[in-house]
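If you read the sequence shown in the working numbering, its first letter stands for residue 5, the second for the next number, and so on.
Positions of the beta carbon are idealized from the N, C-alpha and C atoms, including for glycine.
These numbers come from a predicted model, not from an experiment.
For reference, the structure is listed below as structure tokens.
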Amino acid sequence: MKVAVPTETNKDEPRVAMSPEVVKKLTGRGITVVLQKGAGAQSMIPDDAFREAGAEIAGTAKTTIGTADVVLTVRRPSAEQLKSMKKGAAVIGMMDPYGDASDFDAAAEAGVQVFSMELMPRITRAQVMDVLSSQANIAGYRAVIEAAETYGRALPMMMTAAGTVPAAKAFVMGAGVAGLQAIATARRLGAIVTATDVRPAAKEQVESLGAKFIAVENEEFKQAETAGGYAKEMSDDYKKKQAELTASHIAKQDIVITTALIPGRPAPKLIDKAMVESMGPGSVIVDLAVERGGNCELSKPGEIVDHKSVKIVGIANLAGQIASTASSLYARNLFAFLDTMIDKESGELAINWEDELVTVTNLTRDGEVVHPSLKPKEPAA
């Protein structure tokens with residue numbers, strides 16, 4: 005069995021879908037691992053580190069993936085990469101299943117079996133495979149570091165002979181994995197932290213980290229969570245009440261970090277222009293949802309917008325800002341999933357098509373797009 009990792013074709017993606025640690029685990033089972041030359045360069049993992057772990061280094065994408073049984077990626081493979089893969093190969097990565105679906109037709113035509121790690125079910129067995137959580141953890145941490153750098157003032161309270169420096173006030177919107185890590189990081193840096201979320205379970209989590217919870221806690225709020233643990237879309241009336249509470253709170257904050265995302269939908273707008281303008285000079289907003297349209301009305305992907313002395317940080321792929329750590333965690337996620345597809349005796353690829361993890365994440369199989377969410381909807385009768 006051969007596992008291949010090509011260099012990412014997206015110029016804004018510094019992560020790599022392999023680590024020396026995972027190379028050792030695979031080669032220890034007699035599996036051949038091949039990486040394209042320089043695949044880990046932007047993650048500060050040199051080719052020699054992969055070689056020492058037991059991997060082979062190939063010169064081009066075609067020679068890397070051409071005979072591979074499994075291809076591991078961070079982002080969707082390019083059309084050229086798909087053409088170079090052998091028919092029947094399993095392609096595993098973050099495929100952005102809610103984005104442009106036309107690429108999956110090309111994958112089906114190439115005859116490869118595509119699996120999207122973002123669709124991994126949130127069940128106990130799959131926790132170690134949850135790429136959304138592992139990467140969101142990194143993004144939440146990095147968001148606070150970006151905010152601290154952009155803010156340009158001290159975050160903790162400092163008592164000096166020259167006087168006392170007050171602690172910065174940080175507000176985290178959305179208390180999922182990224183939000184909770186942002187809360188924890190901001191608290192470690194000494195900020196006074198508050199947070200909000202529409203999910204009732206988040207209140208206890210926020211308070212356990214030493215932050216104050218801010219929300220309109222009515223009956224709708226108590227029912228605002230799906231069975232999968234995601235936030236539900238709230239009513240217009242609730243949104244209005246929450247917006248009023250949020251607006252008055254934001255005006256008093258030095259740093260705001262937004263993390264709100266609902267899978268398959270554009271990011272909800274949480275901060276409008278008026279809210280931005282209510283903040284004091286030098287305040288900072290970090291928008292983690294900028295790749296999906298942003299939680300802030302004024303945020304722009306890949307830019308730091310300065311609006312009336314309030315800076316709105318719209319850095320896409322914040323996890324990629326700490327590519328080495330993010331790649332290490334991501335590679336472990338991939339290995340855990342791939343491990344369920346490997347026959348323990350022969351060491352060969354043996355996909356169990358009845359396994360829940362496989363059926364939920366599989367996008368293409370045997371020349372067809374098979375995931376229900378990607379199939380064209382039949383017109384109503």
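Membership of GLU60 in the beta strand (DSSP E) is indicated by the continuous run 60–62.
SER252 and ILE259 have their C-alpha atoms roughly 14 Å apart. When the Cα atoms are used, GLU60 and THR329 turn out to be separated by approximately 22 Å. The alpha carbon of ARG191 has as its nearest neighbour, out of LYS348, ALA158 and ASN222, the alpha carbon of ALA158. Counting other Cβ atoms within 10 Å of its Cβ, GLY144 reaches 16 or more and is therefore classed as buried. C-alpha of TYR334 to C-alpha of ALA43: approximately 14 Å in a straight line.
Here DSSP, grouped into helix, strand and coil, assigns SER331 to helix. Beta-bridge partners of GLY214 (DSSP): none assigned.
If you draw a straight line from the Cα of ARG336 to the Cα of ALA186, it is about 22 Å long. Taking 4 residues as the shortest admissible run, the region 105–137 contains the following complete alpha helix (DSSP H) segments, listed from N- to C-terminal end: 106–114.
Between the C-alpha atoms of ALA205 and LEU292 there is a straight-line separation of about 21 Å. DSSP lists SER120 as the bridge partner or partners of GLY97. Under the rule that a run must span 4 or more residues, the alpha helix (DSSP H) segments found entirely inside the region 231–298 read 240–254 and 277–282. Beta-bridge partners assigned by DSSP to THR344: none are found. In this structure, GLN46 is the residue among LYS41, GLN46 and GLY32 with its C-alpha nearest to the C-alpha of SER331. Rounded to the nearest angstrom, the Cβ distance from PHE175 to GLN257 is 4 Å, consistent with a contact under 8 Å.
For ASP52, no beta strand (DSSP E) run applies; the uninterrupted alpha helix (DSSP H) run containing it begins and ends at 51–57, by DSSP.
Only residues of its own chain outside the window of five on either side were considered, and among them ALA320 and ASN321 have a CB closer than 7 Å to the CB of ASP16, listed in chain order. ALA21 is classed as buried because its beta carbon has at least 16 other beta carbons within 10 Å across all chains shown.
Between the C-alpha atoms of GLU113 and VAL373 there is a straight-line separation of about 9 Å. The three-state secondary structure of GLU360, taken from DSSP, is helix. The Cβ neighbour count for ASN299, taken over all protein chains shown within 10 Å, is at least 16; the residue is labelled buried. When rounded, the separation of the alpha-carbon atoms in LEU86 and ALA111 is 6 Å.
Around the beta-carbon of GLU307, fewer than 16 other beta-carbon atoms lie within 10 Å, marking it exposed. In the DSSP assignment, LYS226 falls within the unbroken alpha helix (DSSP H) covering 223–226.
Taking the C-beta atoms as reference points, LEU361 is found nearer than 8 Å to ALA130. In the DSSP assignment, LYS87 falls within the unbroken alpha helix (DSSP H) covering 83–88.
PHE341 is a Cβ neighbour of ILE96, given a cutoff of 8 Å.
The three-state reading of DSSP puts VAL26 in helix, counting H, G and I together. With contacts defined by Cβ atoms closer than 8 Å, VAL27 and GLY63 do not form a contacting pair. Taking all protein chains shown into account, ASP201 has 16 or more neighbouring C-beta atoms within 10 Å of its C-beta and is therefore buried. The residues ALA179, ALA199 and PHE217, in chain order, have a CB closer than 6 Å to that of VAL210 in the same chain once the five nearest residues on each side in sequence are set aside.
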